[in-house]
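Novice:
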Amino acid sequence: DAGVIQSPRHEVTEMGQEVTLRCKPISGHNSLFWYRQTMMRGLELLIYFNNNVPIDDSGMPEDRFSAKMPNASFSTLKIQPSEPRDSAVYFCASSLTANSYGYTFGSGTRLTVV
Amino acid sequence: AQSVTQLDSHVSVSEGTPVLLRCNYSSSYSPSLFWYVQHPNKGLQLLLKYTSAATLVKGINGFEAEFKKSETSFHLTKPSAHMSDAAEYFCVVGGGSNYKLTFGKGTLLTVNP
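Going down the list, the sequences are from chains B and A. Per our numbering: the first sequence = residues 1 to 114. Per our numbering: the second sequence = residues 1001 to 1113.
#1: Less than 7 Å separating the beta-carbons of residue 1065 of chain A and residue 1013 of chain A?
#2: Starting from residue 36 of chain B, follow its DSSP beta bridges and name the residues at the other end.
#3: Would you say residue 1063 of chain A faces chain B, with C-beta separation under 7 Å as the test?
#4: Please report the residue range of the beta strand (DSSP E) in which residue 4 of chain B lies.
#5: So, does the stretch 64-84 of chain B touch the stretch 1054-1064 of chain A, judging by three or more C-beta pairs under 8 Å?
#6: I'd like the span of the beta strand (DSSP E) that includes residue 96 of chain B, first residue to last.
#7: On a CA-only basis, which of B/114, B/112, B/97, B/107 is nearest residue 7 of chain B? Give me that one, please.
#8: Could you compute how far the alpha carbon of residue 42 of chain B sits from the alpha carbon of residue 1015 of chain A?
#9: Who pairs with residue 1066 of chain A in a beta bridge, going by DSSP?
#10: Does the beta carbon of residue 1058 of chain A sit closer than 7 Å to a beta carbon anywhere in chain B?
#11: Figure out for me which residue from A/1021, A/1027, A/1017 has the closest Cα to the Cα of residue 1094 of chain A.
#12: Within 10 Å of its beta-carbon, does residue 1018 of chain A have 16 or more other beta-carbons around it, so buried, or fewer, so exposed?
#13: In whole angstroms, give me the CA-to-CA distance for residue 1056 of chain A and residue 1029 of chain A.
#14: At least one CB of chain A closer than 7 Å to the CB of residue 43 of chain B: is that the case?
#15: Note down the Cα distance separating residue 45 of chain B from residue 113 of chain B, rounded to an integer number of angstroms.
#16: Any idea which residues DSSP pairs residue 1013 of chain A with across the strands?
#17: Please state if the CB of residue 1004 of chain A and the CB of residue 1102 of chain A are separated by a distance shorter than 7 Å.
#18: Sort B/87, B/104, B/92, B/93 by Cα distance to residue 39 of chain B and report the nearest one.
#19: What in chain B is Cβ-close to residue 1074 of chain A, meaning under 9 Å?
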């Protein structure tokens, strides 16, 4: 198994532009999570999907952020418009069940908004 | 409710000496506990997990952790540090019907030659 695959690995964009981050979870995993990591705040859960349905989006910072999971093998996190304070590493993780038996993380997308 | 406290933000050891990374947790139910490692510019890798089986858990790369309920601790140890162990380590708590994993703030391990 190739693990959780995220793209792109790095993204540099100008303030105000739309950014789309992509994630392919491990086949058969029914839970998917998006996290953001910054020096100041550490790892923050943004949104959790179970069986492609958003269950908890309470961590999404504001309306500029949106996430979708159109099928079991693909999810996107979109920021529109982007701001410099969105600069962070965004991780996608998947899990076989939602009952906390550990997640498998992707390698992350390092986003820089200038 | 659940929380986790990593007692040291930075630990420095010499190569070949033991490693101890400390973690205390709080949980309203029987917890699942994990240690993850993050090497520079990499994703998080699961080192080991405790899910109510044996209290001494062995993980990858020679690491192990012991679940001590009376002390609410889950410290990570390794008998002999290697240069490749230099990374950031996260203690994580989850469990019950709560899908959320709660991450500690991390401990940066430096290994000196």
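All C-beta atoms, glycine included, are put in the ideal place defined by N, C-alpha and C. Please read all numbers here as calculations on a predicted model, not as lab measurements.
Specialist: Answer, in terms of the structure:
#1: Going by C-beta atoms, residue 1065 of chain A is not nearer than 7 Å to residue 1013 of chain A.
#2: B/44, B/90
#3: It does not: the Cβ of residue 1063 of chain A has no partner Cβ on chain B nearer than 7 Å.
#4: First-last for residue 4 of chain B: undefined, no H or E at that position.
#5: no
#6: Secondary structure note for residue 96 of chain B: it is in no beta strand (DSSP E), with a DSSP letter that is neither H nor E.
#7: B/107
#8: 28 Å
#9: A/1056, A/1075
#10: no
#11: A/1027
#12: exposed
#13: Residue 1056 of chain A and residue 1029 of chain A have their C-alpha atoms some 20 Å from each other.
#14: yes
#15: Counting only the Cα atoms, residue 113 of chain B lies some 20 Å from residue 45 of chain B.
#16: A/1111
#17: Judged by beta-carbon spacing, residue 1004 of chain A lies within the 7 Å limit of residue 1102 of chain A, meaning their Cβ atoms are closer than that value.
#18: B/87
#19: Within 9 Å Cβ-Cβ: nothing; residue 1074 of chain A doesn't reach chain B, min ~14 Å.
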